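Please read the structure below before turning to the comments.
Protein chains: 2
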Amino acid sequence: MRKNELYEFIKLYLMTVKIKQNKKEATRERNQQLILAAAEKIFAKLGYDGASMSMIAKEAGVAKANIHYYFNSKECLYETVLENIVNSWNLGLEDVSVEDDPAVILYKYIQYKVILSIEQPMQSRLFAIEMIRGAPFLQDYIRTNSRPWFREKHELLQAWMDAGKMDQVDPNHLLFTIWSTTQYYADFEAEALLLLNKHEYEEIDVKAITQSIAQIILKGIGLSIPK
Amino acid sequence: MRKNELYEFIKLYLMTVKIKQNKKEATRERNQQLILAAAEKIFAKLGYDGASMSMIAKEAGVAKANIHYYFNSKECLYETVLENIVNSWNLGLEDVSVEDDPAVILYKYIQYKVILSIEQPMQSRLFAIEMIRGAPFLQDYIRTNSRPWFREKHELLQAWMDAGKMDQVDPNHLLFTIWSTTQYYADFEAEALLLLNKHEYEEIDVKAITQSIAQIILKGIGLSIPK
DNA sequence: ACGCATACTGACTAAAAGGTCAACGTATCG
DNA sequence: CGATACGTTGACCTTTTAGTCAGTATGCGT
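Protein sequences, first through last, are from chains A and B. Quick note on our numbering: the first sequence kicks off at 8 and runs consecutively. Quick note on our numbering: the second sequence kicks off at 8 and runs consecutively.
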């Protein structure tokens with residue numbers, strides 16, 4: 008019975024610990040999230056150098072020194088924000104096999120990326136700023152994480168082409184084309200809205216954008232919009 | 008003969024003025040260009056806030072105070088750089104009429120924009136940064152200058168479609184698609200090179216990029232690559 | 001209730017920013 | 001040759017920045 012006792016003890020202990028740390032740990036988690044959200048917003052709007060720690064503190068509703076309590080430096084905070092974004096990035100083209108229909112998969116991917124661009128434009132912009140700067144913080148991450156993902160998708164597209172399911176196009180540039188066309192509406196929102204003479208995107212725009220991009224790209228690689 | 012005399016006098020006077028101002032005005036012109044070139048480089052690499060006047064001064068090889076002699080403020084310098092870029096921007100799709108072949112015209116435009124992206128990436132990046140910031144300096148310029156240009160091209164594309172020369176696509180999004188796909192290689196050079204596992208673009212890449220983009224977009228709107 | 005670790009902050013520092021200015025250098029003209 | 005306007009600069013100013021720190025407040029376990 009010793010085993011059982013031990014098990015019960017551990018279970019109780021863990022529960023106690025959890026309850027004990029509830030308030031403190033919850034505060035910790037909450038404030039970190041608050042700071043990260045504020046940082047994402049400010050960094051995306053003003054860039055790394057344009058953003059100041061006091062602005063982020065004000066946005067998050069905490070004292071500036073408190074940010075330094077959770078994050079050692081401005082660089083550290085920026086890096087954390089960026090990695091959080093890229094971590095939640097490459098979804099939307101996952102769990103795909105050669106058997107799937109490229110038209111359906113790619114249409115969904117375009118749709119997914121357009122929605123993300125319209126609804127979370129700041130993430131896209133923050134990523135863009137980092138790339139424009141030459142990816143000083145993200146280049147290691149891209150090398151180790153994005154590259155395998157990219158290779159995998161490259162092979163998938165190539166397999167579809169080999170199977171005669173779509174036209175022969177350079178898979179690299181096809182992926183770049185999908186990224187750039189969809190992210191344009193986040194990164195260049197100011198230009199797009201000014202030229203379209205709008206104040207903000209509407210629900211109907213999301214559909215029109217998705218449709219236009221999908222029409223051009225899918226037909227461009229020998230497919231057609233599904234359904 | 009008085010008219011002729013006056014004309015000769017003016018001609019001589021202007022020549023004299025030109026000669027007189029040669030050295031000083033040449034220096035003025037030269038240094039302004041030097042400063043503007045340096046500013047373009049530094050602003051594009053580090054953004055508006057990341058760039059400092061002393062860096063630009065160092066890059067241009069002049070004293071910091073001397074920049075303020077030619078340009079009132081950092082904002083003024085930044086604005087001048089931006090407007091110079093956009094002034095030399097919308098070329099490549101000029102002097103086009105409905106009678107022209109859309110395939111030829113659009114292929115040339117894509118080619119032009121790809122070359123510009125590869126050879127002058129800093130201009131594209133500076134523009135991108137300004138747009139990401141919400142176009143605080145360029146929005147007036149876009150409203151008054153880019154919008155008419157955009158409307159004109161919109162009508163041109165619509166006319167081609169009405170004439171049955173190409174598929175029916177939203178002309179706005181078609182233009183956005185061309186811009187985004189071509190500018191991607193400048194703005195996201197870091198990402199593209201990392202994923203392509205290259206140190207820099209080569210001559211062959213320019214052709215491959217142009218070909219891939221043109222293939223997808225032109226076929227996507229019912230055309231094919233000319234010649 | 002008390003002691004202790006965690007959470008938090010106002011007030012500070014040193015560095016760097018944009019911008020100014022008086023003084024000096026230099027080409028042009030009477 | 002002066003006189004004048006333009007070109008140039010080092011030194012300086014104010015403001016803002018990232019980051020620090022001593023000290024306070026707040027739960028938590030005993």
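Positions of the beta carbon are idealized from the N, C-alpha and C atoms, including for glycine. Predicted model, so just to flag it, every value in this text is computed and none were measured.
Residue closest to residue i, alpha-carbon to alpha-carbon, out of the options
i, options, result
"B/A67", "B/N91, B/Q40 and B/L89", "B/Q40"
"B/V88", "B/L98, B/F134 and B/L100", "B/F134"
"A/V69", "A/T34, A/I211, A/Y55 and A/E137", "A/T34"
"B/V103", "B/K214, B/I49, B/T151 and B/W156", "B/W156"
"A/V93", "A/P233, A/Q130 and A/M168", "A/Q130"
"B/E32", "B/I49, B/A51 and B/Y77", "B/Y77"
"B/G171", "B/P233, B/A46, B/K65 and B/G229", "B/G229"
"A/S61", "A/K52, A/A46 and A/A51", "A/A46"
"B/I224", "B/S187, B/S153 and B/E209", "B/S187"
"A/L145", "A/E86, A/D56 and A/A44", "A/E86"
"A/H180", "B/D177, B/L43, B/L113 and B/F195", "B/F195"
"A/Q118", "A/D174, A/T189 and A/E82", "A/T189"
"B/Y116", "B/L98, B/P128, B/H161 and B/E126", "B/L98"
"B/R132", "A/Q127, A/E126 and A/I139", "A/I139"
"A/I42", "A/D169, A/D174 and A/L84", "A/L84"
"B/L201", "A/S95, A/K65, A/F183 and A/S231", "A/F183"
"A/I232", "A/M173, A/A44 and A/F50", "A/M173"
"A/I185", "A/A44, A/Q165 and A/T217", "A/T217"
"B/N91", "B/Y148, B/K52 and B/G141", "B/Y148"
Partners in chain B for residue i, counting only beta-carbon separations shorter than 9 Å
i, result
"A/D56", "L53, G54, Y55, D56, G57 and A58"
"A/I122", "In chain order: nothing, as chain B lies at least about 16 Å away."
Closer than 8 Å to chain A by CB, residue i
i, result
"B/K65", "no"
"B/Q28", "Bear in mind that the predicted position of B/Q28 carries a pLDDT of just 45, short of 50, making it unreliable; the figure below should be weighed with that in mind. Closer than 8 Å: no."
"B/M22", "Note that B/M22 scores a pLDDT of 39, beneath 50, so its modelled location is shaky; the value from the coordinates is reported in the next line. No, because no Cβ of chain A sits closer than 8 Å to the Cβ of B/M22."
"B/Q127", "no"
"B/R37", "no"
"B/F50", "no"
"B/I112", "no"
"B/N94", "no"
"B/N179", "yes"
Buried versus exposed, by CB contacts within 10 Å (16 or more), residue i
i, result
"B/A221", "buried"
"A/K120", "buried"
"A/R158", "exposed"
"A/T2", "Past the boundaries of the shown model lies residue 2 of chain A; chain A is included only from 8 to 234, so the question cannot be answered."
"B/E137", "buried"
"B/H206", "exposed"
"B/A72", "exposed"
"A/D108", "exposed"
"A/K226", "buried"
"A/E106", "exposed"
"B/I211", "exposed"
"B/S219", "buried"
"A/R37", "exposed"
"A/P143", "exposed"
"B/E198", "buried"
"A/K160", "buried"
"A/S124", "buried"
"A/D177", "buried"
Test: residue i CB closer than 8 Å to a CB of chain B
i, result
"A/G141", "yes"
"A/R154", "yes"
"A/F144", "no"
"A/H206", "no"
"A/A215", "yes"
"A/I149", "yes"
Partners in chain A for residue i, counting only beta-carbon separations shorter than 7 Å
i, result
"B/F183", "Y191 and A199"
Interface residues of chain B facing residue i [CB-CB closer than 8 Å]
i, result
"A/V176", "S219, Q222 and I223"
"A/A239", "Beyond the ends of chain A as shown, which are 8 and 234, falls residue 239 of chain A; an answer cannot be given."
"A/T188", "F183, T184, S187 and T188"
"A/F157", "L202"
"A/H75", "What A/H75 touches in chain B: nothing, since even the nearest Cβ is about 21 Å away."
Neighbouring residues, chain A, relative to residue i (Cβ below 9 Å)
i, result
"B/L163", "Within 9 Å Cβ-Cβ: nothing; B/L163 doesn't reach chain A, min ~15 Å."
Listed by chain order, chain B residues near residue i by CB distance under 7 Å
i, result
"A/R226", "Sequence inspection shows Lys at residue 226 of chain A; the Arg mentioned does not correspond to that position. Chain B residues near A/K226: K226 and G227."
Curious, which full-length alpha helix (DSSP H) runs of at least 4 residues does the segment 47 to 73 of chain B contain? 60 to 67
Tell me the start and end of each unbroken alpha helix (DSSP H) in the segment 74 to 117 of chain B that is at least 4 residues and wholly inside, in chain order. 81 to 94
Kindly provide the ranges of any alpha helix (DSSP H) runs that are 4 or more residues long and lie completely inside the segment 156 to 206 of chain A, ordered along the chain. 178 to 194 and 196 to 203
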